[in-house]
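K.L.:
Add 487 to the 1-based position in the sequence shown for my numbering, that's all there is to it.
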Amino acid sequence: MSDQELAVQAISEAQRILEEYLEPKHHDNERLLDRLVEVLERPSVLVAVDRLRRGAGPSDPPA
């Protein structure tokens with residue numbers, strides 16, 4: 488999976504968690520926050536985002 492795909496997948500998953508938080512029902516807010524952190528702090532996501540910030544990396548060759 489490319490760095491961009493990893494980042495988009497993590498953002499999409501984080502958005503789903505935030506949508507769940509915004510639903511008008513009782514939530515375990517601490518658990519939702521834990522899930523959000525789990526998604527955004529995955530080692531593969533952190534590495535991919537770092538490479539994207541620095542420019543093209545091994546998973547994202549230049550055009």
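In this text, a Cβ means the ideal position worked out from N, Cα and C, and glycines have one as well.
1. Where does Glu528 fall in DSSP's three states?
2. Which residues bound the alpha helix (DSSP H) around Glu492?
3. Measuring straight from C-alpha to C-alpha, what distance separates Ala494 and Leu519?
4. Taking the straight line between their C-alpha atoms, what separation do you get for Leu505 and Leu523?
5. Taking Ala497 and Val526 to be in contact with their CB atoms under 8 Å, please state how far apart those CB atoms are, rounded to whole angstroms.
6. Give me the Cβ distance between Gln491 and Leu539, rounded to the nearest whole Å; I'm assuming they're in contact under 8 Å.
P.N.:
On the basis of the data shown:
1. coil
2. Asp490 to Leu509
3. 19 Å
4. 8 Å
5. 5 Å
6. 7 Å
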